[in-house]
Every structure is written in C-alpha cells, then in structure tokens.
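Numbering follows UniProt numbering, in which position 66 of the sequence shown is assigned residue number 66; successive positions increment by one, without gaps.
All residues carry an ideal CB built from backbone N, CA and C; glycine is no exception.
Every value quoted in this text rests on a predicted model; they were computed, and no experiment measured them.
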Amino acid sequence: MNRLTFGALLSASLAFWLTSGSVFAQGSKFEEARTHIEKWVQTRQLIARRNADWRVERESIGQTIGLLQREIDLLKGEIDKSEQVDSEADAEKKRITLSLEDLKKANKVVDAALWGMERQALE
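Structure, rendered in structure tokens:
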C-alpha cells in the first residue's frame, strides 16, 4: 500500500507539475504577448507623435516659405520702382544736359555778339 500511495502521489505531483508547467508556459506566453502589444502601442504612439511633429514642422515651413515669398515680391516691387526712378532720373539728367548744351551755345552767340559790340564801341 505504501508503494501504491507513493505511486499515486508521484503521479499526482507529476500531473500537477506538467499542468502547472503549461499554465506557467501559457502565462509566459501571455506576458510575452502583453509585452509585444505594449511595445507595439508605444511604437504607434511614437509614430503618431512624430507625424504630428512633422505636420507642425511642415506647416511652419510652409508659413515661412509664404512669408519669404511675400518679402521677395515686395523687394521685386521696390526694385522695379527704383529702376523706374533711375530711368526717370536718367531722362531728367539727359534733358538737363541738353538744356545746358543749348545754353552754352546761346552763351557763345551772346559772347560773340558782345565781343563784336565792344570792338565797335572801341573803334
């Protein structure tokens, strides 16, 4: 009988050990699955944060590009105005130069006439 109870106890403990091993194995697999899911969730959250940051950066860069484009347009407008003023100034300078040349020619005629009158008055 002693042998019988010992065998029964051995069988029971072996069965318990095998069952508990599979429970532990299942628990281990559940923990492993849980760990993988947690890492997956963390990865998805990280991806979502990176995407949100990227969208914010993209919007910021877009706004900066818009501001720079407006600045370029304003500068082009100022350059056009400056060129127009320069061309108007060049035209005015040319007109004044021609007028000065006409005055110099007229002055030569007057000088010649005065010289002639002075010579007549002295004779």
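Quick one: grab the DSSP three-state call for residue i.
i, result
"residue 138", "Examination of residue 138 is not possible in this model, given that the chain is present from 1 through 123 alone."
"Glu118", "helix"
"Glu83", "helix"
"Glu123", "coil"
Starting from the C-beta of residue i, find all residues in its chain whose C-beta is less than 7 angstroms away, skip the five residues before and the five after it, and write them out in chain order.
i, result
"residue 131", "Because the chain here runs from 1 to 123, residue 131 falls outside it and cannot be looked at."
Tell me which residues share the same chain as residue i and place their Cβ nearer than 6 angstroms to its Cβ, disregarding the 5 neighbours each side in the sequence.
i, result
"Leu67", "none"
I'd like to confirm something about residue i: is its beta-carbon nearer than 8 angstroms to some heavy atom of the ligand NAP, or not?
i, result
"Arg34", "Among the components of this structure there are no ligands whatsoever, and the ligand NAP is therefore not found."
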